[in-house]
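Below you'll find the structure, written out as structure tokens, and then a few comments.
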Amino acid sequence: MTLDRDRVAAALGAYEVEGELGRGGWGVVLAGRHRQLGREVAIKELPRAFAGDPAVRARFVSEARLLASLDHPHIVPVYDYVEHDGLCLLVMEKLPGGTVWEEFTAQGIVAERACAVVLATCTALQFAHQRGILHRDIKPENLMYSAEGVVKVTDFGIAKVIGGSETMATRAGDILGTPAYMAPEQAQGRELGPATDIYAVGTMLYELLTGRLPYPEDGDPLTTLYRHVHEEPVQLGDVMPSVPEPIAAVAMRAIARDPAARPPTAEQLGLDLAEAATAVWGPGWLGARGGVAVMAAGPIVAVTERPTGGAPPAPVEAAPARPTVPPVPVAAGVAGPAPPTIVPGAPVRPTASVHAVGAAVRVAAADVVPVKAIVPTGASPVVPFLVGAVLSALVVLAAFAGLGRPSHDKAAGGTTINGADPSASTLAIDFAEPLTVAMPGSAEPPGSLRASVKVAGFTITTATEPLRPVGDTDQATFDLGAARYAVAGSATLELARTGTGRRQAFEVTSKQSPWLTGPAIGAIALALFCLAYVEALGKPLRKGRRRMASIVGVAVLAGGLAVALDVVLWAAGAPEPAPAGLATGAALGAAAGVAYAIGQLRAGQRRRLRRVR
Numbered sequence: 003m004t005l006d007r008d009r010v011a012a013a014l015g016a017y018e019v020e021g022e023l024g025r026g027g028w029g030v031v032l033a034g035r036h037r038q039l040g041r042e043v044a045i046k047e048l049p050r051a052f053a054g055d056p057a058v059r060a061r062f063v064s065e066a067r068l069l070a071s072l073d074h075p076h077i078v079p080v081y082d083y084v085e086h087d088g089l090c091l092l093v094m095e096k097l098p099g100g101t102v103w104e105e106f107t108a109q110g111i112v113a114e115r116a117c118a119v120v121l122a123t124c125t126a127l128q129f130a131h132q133r134g135i136l137h138r139d140i141k142p143e144n145l146m147y148s149a150e151g152v153v154k155v156t157d158f159g160i161a162k163v164i165g166g167s168e169t170m171a172t173r174a175g176d177i178l179g180t181p182a183y184m185a186p187e188q189a190q191g192r193e194l195g196p197a198t199d200i201y202a203v204g205t206m207l208y209e210l211l212t213g214r215l216p217y218p219e220d221g222d223p224l225t226t227l228y229r230h231v232h233e234e235p236v237q238l239g240d241v242m243p244s245v246p247e248p249i250a251a252v253a254m255r256a257i258a259r260d261p262a263a264r265p266p267t268a269e270q271l272g273l274d275l276a277e278a279a280t281a282v283w284g285p286g287w288l289g290a291r292g293g294v295a296v297m298a299a300g301p302i303v304a305v306t307e308r309p310t311g312g313a314p315p316a317p318v319e320a321a322p323a324r325p326t327v328p329p330v331p332v333a334a335g336v337a338g339p340a341p342p343t344i345v346p347g348a349p350v351r352p353t354a355s356v357h358a359v360g361a362a363v364r365v366a367a368a369d370v371v372p373v374k375a376i377v378p379t380g381a382s383p384v385v386p387f388l389v390g391a392v393l394s395a396l397v398v399l400a401a402f403a404g405l406g407r408p409s410h411d412k413a414a415g416g417t418t419i420n421g422a423d424p425s426a427s428t429l430a431i432d433f434a435e436p437l438t439v440a441m442p443g444s445a446e447p448p449g450s451l452r453a454s455v456k457v458a459g460f461t462i463t464t465a466t467e468p469l470r471p472v473g474d475t476d477q478a479t480f481d482l483g484a485a486r487y488a489v490a491g492s493a494t495l496e497l498a499r500t501g502t503g504r505r506q507a508f509e510v511t512s513k514q515s516p517w518l519t520g521p522a523i524g525a526i527a528l529a530l531f532c533l534a535y536v537e538a539l540g541k542p543l544r545k546g547r548r549r550m551a552s553i554v555g556v557a558v559l560a561g562g563l564a565v566a567l568d569v570v571l572w573a574a575g576a577p578e579p580a581p582a583g584l585a586t587g588a589a590l591g592a593a594a595g596v597a598y599a600i601g602q603l604r605a606g607q608r609r610r611l612r613r614v615r
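When the count follows the numbering used here, it moves up by one through the sequence shown with no breaks and lands on 615 for the last residue.
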């Protein structure tokens, strides 16, 4: 980005605009001086690519007004703000003392000072949270020292000005912000709250105490966010056993993946840390050993002075913790790049993606998307696939259970079919041959008999023939040949004698091959069709694209596949299907399809994550 100092000077007529102090993810920082007051200031210009967006400019004016109202000793004061001619400028106090990150990398920070810095940060965050303002990018670079050595939190709300309610990233995978300190809910694009800033403070405390971050760093921001969402942090005590356990416990609670498991407020985090530190170092440690003034924090400071009972612990001198990154020039919360060096004996960790700078300055607004659009959730596909498998098994069980299966007569009452008792067992019938039914005779005229072959409540074929006396029986012969093409398994033969209202229903099967019937061939064709299109609809899901049409399509096709499977199982010897059974199978199949689609989506996202790695 080419800096146009003349345009900035024209927008800020009351200030002399001087040279560039630095630049970072949220913009460029210039030195300035108020012409009449002679006050030294830092002028932060938001990236021009974003300042051209009307929504960003509107948020800038709204947030800047709120930031200018924050009057707290540990928050850098905003003196002025200007939105003019495509520029968004914040005029702030110039902080010549450098950043906590600069101190950390240059000379290291002892545990007591680290705790004091965090207590000051907690008081600033509590003040802002009570006024509905989140920071969303707490890290050592955004904590600066005034000329008097007072810790000041900078860059409040700038992440919201750029991205609104979303955490933003470039399409190339660069995160606008610092992934190493982002809470899981921030990485997932979920609703943010005070717990989000508390997570970042806990991460910073962990780092200042150990020189390392809670999650391994390999230089890739998407992998870092994935780990924050799906993996547990390394226990602080395992990294640095010399850190007192009460203090380590406070840090680990603050970086819990579940926001509800973290301290409810920034003040509570400060109280917990103050109590733990006082138990370790005794009353008065903040003034004697902390080396950092904590102001406007009455309850927290009171805890550090409260007697703990018993003899105070003996002071323990510990070497300051420090990372392996050298100090870099910074101004107003902005760090510049510098080549890393290895400090003998210090913890080693990659830092390429941890404290990267300038991302928002270098990127075009059109290339920025919500982070949830490019960060794979990485959720395991195993569970939905298992659910789909269980539901598919239930489809098979429902088919063999014969849900809604029609009832059949247990006794023939003297009726025979082709000379056999149809109630003794399932009767096999050659529908290509005439069917002879004999019934006990009566004194009345024989009348007629209707024979119907039904499957799943639907009539396949029917015929009515007159009964004729044969000995002591009344007989009728039927041609039900159409059934040989439609009955792939068991069916219901229903007999109804006219004039008597008497009906009988018997279970029968066809002697013809079930696989040469219309239902079996049609079911196999339908199954192949559904499988092919399920595979086609699964391709965009495996690519990580959340297409609702694909999920719905898979569900519909899986329901059809379940119906086809019911018919195929019927041909293989399962009970005669019924409408209730087919509906149940279709519902279970559709549910299995949804589970399968979710599993494919998750599997695709995981493959994408592996490519990113």
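For glycine and all other residues, C-beta sits at the position ideal for the given N, C-alpha and C.
The structure presented is a predicted model; accordingly, all values stated were derived computationally and were not measured.
| CB of Leu273 within 8 Å of CB of Ile249, strictly | With respect to the 8 Å criterion, Leu273 and Ile249 are not classified as neighbours on the basis of their beta carbons.
| said: Within a Cβ cutoff of 8 Å, which residues of the same chain sit near Ala44, ignoring the five residues on either side of it in sequence? | reply: Contacts found: Leu23, Val31, Leu32, Ala33, Gly34, Val93, Met94, Glu95, Lys96, Leu97, Ala333 and Ala334.
| query | Going by DSSP, what residues sit across from Arg452 in a beta bridge? | reply | Note: Arg452 sits in a beta bridge opposite Thr466 and Ala498.
| request: Starting from the Cα of Lys155, find the closest Cα among Thr125, Tyr183 and Ala149 and give me that residue. | output: Going by the sequence as given, residue 155 is Val instead of Lys. Closest option to Val155, Cα to Cα, is Thr125.
| field | Per DSSP, cross-strand counterpart(s) of Pro471 | value | Pro471 pairs with Asp476.
| query | Whole-angstrom Cβ separation of Ala453 and Leu495, contact assumed at under 8 Å? | reply | 7 Å
| In chain order, what residues of the same chain have a beta carbon less than 6 Å from the beta carbon of Ala618, not counting five sequence neighbours either side? | Since the first residue shown for the chain is 3 and the last is 615, residue 618 is missing from the structure and cannot be characterised.
| Secondary structure of Val345, DSSP reduced to three states | With a pLDDT of 32 at Val345, under the threshold of 50, the modelled position of this residue cannot be trusted; read the value that follows with caution. Coil.
| task | Pick helix, strand or coil for His232, following the three-state DSSP scheme. | result | helix
| Counting along the chain, where does the alpha helix (DSSP H) carrying Ala440 start and finish? | Element bounds for Ala440: not the alpha helix (DSSP H) but the beta strand (DSSP E), Leu437 to Pro442.
| Cβ shell of Asp476 (< 6 Å), same chain only, five flanking positions each side left out | Met441, Gly443, Pro448 and Leu469
| query | Quick one: is Gly561 buried, meaning 16 or more other Cβ sit within 10 Å of its Cβ, or exposed? | reply | Per the 10 Å Cβ criterion, buried.
| message | Report the CB separation of Ala323 from Ile140 in whole angstroms; it is logged as a contact under 8 Å. | response | Beta-carbon to beta-carbon, Ala323 and Ile140 are separated by about 18 Å, too far to satisfy the 8 Å threshold.
| request: Measuring alpha carbon to alpha carbon, tell me which of Leu72, Ser425 and Ala566 ends up nearest Arg133. | output: Leu72
| Roughly how many angstroms separate the alpha carbons of Ala66 and Tyr83, rounded to a whole number? | Their backbone Cα atoms lie some 6 Å apart in a straight line.
| query | If you check the beta carbons only, do Leu405 and Gly583 fall under 8 Å apart? | reply | It is a contact, given that the beta carbons lie within the stated cut-off.
| Smallest Cα separation from Ala11: which of Val510, Cys90 and Thr226? | Cys90
| message | Can you look up Asp82 in the DSSP assignment and give me helix, strand or coil? | response | strand
| query | CB-CB under 8 Å to Leu518, same chain, minus the five flanking residues each way: which ones, in chain order? | reply | none
| task | Find the nearest neighbour of Val489 within the set Asp474, Thr417, Ser512 and Thr502, judged by alpha-carbon distance. | result | Ser512
| Residues that DSSP places opposite Arg504 in a beta bridge | Arg499
| task | Please confirm if the segment 252 to 265 is in contact with the segment 283 to 296, defined as three or more CB-CB distances below 8 Å between the two stretches. | result | no
| field | Proximity below 8 Å, CB of Thr306 to CB of Leu288 | value | yes
| Limits of the unbroken beta strand (DSSP E) element including Met94 | Leu89 to Glu95
| query | What is the rounded straight-line gap between the Cα of Ser450 and the Cα of Thr586? | reply | 38 Å
| said: Can you confirm whether the segment 105 to 120 touches the segment 206 to 222 when touching is taken to mean that 3 or more C-beta pairs between the two stretches lie within less than 8 Å? | reply: yes
| query | When DSSP labels each residue in this structure, what does Gly21 get in the three-state scheme? | reply | Of the three classes helix, strand and coil, the one that applies to Gly21 here is strand, per DSSP.
| Looking at the structure shown, is Arg35 part of a helix, part of a strand, or coil, going by DSSP? | strand
| message | Do Ala566 and Ala529 count as a contact pair if the criterion is CB distance below 8 Å? | response | Between Ala529 and Ala566, the C-beta spacing is below 8 Å.
| query | Under three-state DSSP, which class holds Ala113? | reply | helix
| task | Can you say whether Gly88 is buried or exposed, counting buried as having 16 or more other CB atoms within 10 angstroms of its CB? | result | exposed
| Quick one: what does DSSP say Arg323 is sitting in, helix, strand or coil? | First, the residue type needs correcting, since residue 323 is Ala and not Arg in the sequence shown. Ala323: strand per DSSP, three-state reduction.
| field | Beta-ladder partner(s) of Phe129, from DSSP | value | Per DSSP, Phe129 has no beta bridge partner at all.
| message | Please state the DSSP three-state secondary structure of Phe531. | response | helix
| task | Could you tell me how far apart the beta carbons of Leu497 and Thr417 are, in whole angstroms, since I believe they sit closer than 8 Å? | result | Cβ atoms of Leu497 and Thr417 come within 8 Å of each other, at about 7 Å.
| Is it buried or exposed for Pro243, if we count other Cβ within 10 angstroms and need 16 for buried? | exposed
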